[in-house]
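In this text, residue positions in the sequence shown follow my numbering: the first is 3, and each later residue adds one. Notes follow once the structure below has been shown.
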Amino acid sequence: MASFLLPHALHGDGPHKVIAVHGWFADRSAYAPIVPDLDRASFQYAFVDLRGYGEAVRTPGAYTTAEAADDVIDLADRLGWERFSLIGHSMGGSVAQRVVARAGARVRRIAGVSPVPASGLPLPPEQWELFAGADTEPANRRAILDVTTGGVRPAAWLDRMVERSLAVSDAKAFRAWLDSWAGDDFHTDLEGCTTPALTVTGQLDPALSADLMRQTWLRWFVRGELVDLPVCGHYAMDEAPLALIRVVEDFLRADGA
3 MASFLLPHAL
13 HGDGPHKVIA
23 VHGWFADRSA
33 YAPIVPDLDR
43 ASFQYAFVDL
53 RGYGEAVRTP
63 GAYTTAEAAD
73 DVIDLADRLG
83 WERFSLIGHS
93 MGGSVAQRVV
103 ARAGARVRRI
113 AGVSPVPASG
123 LPLPPEQWEL
133 FAGADTEPAN
143 RRAILDVTTG
153 GVRPAAWLDR
163 MVERSLAVSD
173 AKAFRAWLDS
183 WAGDDFHTDL
193 EGCTTPALTV
203 TGQLDPALSA
213 DLMRQTWLRW
223 FVRGELVDLP
233 VCGHYAMDEA
243 PLALIRVVED
253 FLRADGA
């Protein structure tokens with residue numbers, strides 16, 4: 003597919019450039035809870051909409067992490083950002099790792115928020131059925147949200163998250179993305195990687211847990227770090243926005259290059 007300009011919103015005008023990639027359930031609005039309290043003097047953030055989401059909801063594509071990585075690199079080129087850091091939530095964490103695999107010399111730091119490992123995320127048959135049916139079944143999306151946040155979040159929040167997810171994603175793209183982030187395995191491209199890499203997990207998330215990150219992320223990234231947030235599940239931007247900002251920006255700020 004021909005490259006296109008990823009729809010994005012810029013926040014801040016700091017010297018440290020950061021591209022943030024959303025996850026499977028939402029477009030860049032997933033980061034809305036943290037936007038008001040970002041350090042705009044130190045960083046400039048570009049929050050993007052991947053193909054099939056938000057302003058790119060009707061953009062055709064393969065809907066793969068590999069294609070998205072090329073789109074992110076192309077966006078950096080168009081913005082004139084020779085070097086930049088990355089933030090990726092869930093599926094977006096897999097996209098961010100793809101960028102490191104393809105253009106590691108350009109990436110200052112990478113922060114994954116409950117990131118899908120570069121080895122993919124094989125699901126048992128019953129879980130696969132739940133996830134594969136989430137493209138057209140709102141109840142499936144709600145069940146996934148509930149399980150991955152420990153079953154303790156208010157019903158109104160779950161309903162709101164489902165409504166947003168349906169509103170900002172294309173069902174066919176949503177289903178295609180699942181095959182890529184769950185099934186792709188490119189971890190050998192990252193083994194021994196020296197890019198500073200933070201992974202932030204939530205203790206209420208049984209799927210992308212701290213233990214899984216120790217078995218994957220921390221083995222591939224030589225300079226890997228892990229922060230496991232308490233009283234938090236898969237959606238740290240909603241569940242613990244201030245704690246997430248502090249952890250991620252402290253990590254990014256540690257790069258004095």
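Note that the Cβ used here is the ideal one computed from N, Cα and C, for glycine as well.
For the set Glu-193, Ala-245, Val-170, the Cα lying nearest the Cα of Val-202 is the one of Ala-245. By the C-beta density criterion, Trp-26 is buried, having at least 16 other C-beta atoms within 10 angstroms. A contact is defined here as three or more CB-CB pairs under 8 Å, and the segment 173–193 meets this definition with respect to the segment 130–144.
Nearest to Val-164 by C-alpha distance, out of Gly-152, Ala-178, Leu-147, is Leu-147.
Put simply, the backbone Cα of Asp-191 is about 20 Å away from that of Val-23. A straight-line Cα-Cα distance of about 29 Å links Gln-129 and Ala-34.
For the segment 33–79, the full-length beta strand (DSSP E) segments reaching 3 residues or more read 45–50 along the chain. One thing to note: Arg-80 has its Cβ no nearer than 8 Å to the Cβ of Leu-200. Straight through space, the alpha carbons of Pro-243 and Tyr-237 are spaced by roughly 9 Å. In the three-state reduction of the DSSP assignment, Glu-139 falls in the coil class, being assigned neither a helical nor a strand state. Within 10 angstroms of the beta-carbon of Gln-217 lie fewer than 16 other beta-carbons, which makes it exposed.
Collapsing the DSSP output to three states places Arg-110 in a strand. For Leu-180, the uninterrupted alpha helix (DSSP H) segment begins and ends at 173–185.
If you ignore the 5 residues before and after Gly-54, its C-beta comes within less than 6 Å of the C-beta of Tyr-65, Asp-172, Ala-175, all in its own chain and listed in chain order.
In terms of Cα proximity to Lys-19, the closest of Thr-67, Ser-87, Ala-71 is Ser-87. The DSSP-derived three-state label of Glu-227 is strand.
Residue environment analysis places Pro-9 among the buried positions, since at least 16 neighbouring C-beta atoms fall within 10 angstroms of its C-beta.
Here Asp-51 is buried, its C-beta having at least 16 other C-beta atoms within 10 Å.
As DSSP reads the structure, Gly-204 sits in a beta bridge with Leu-231.
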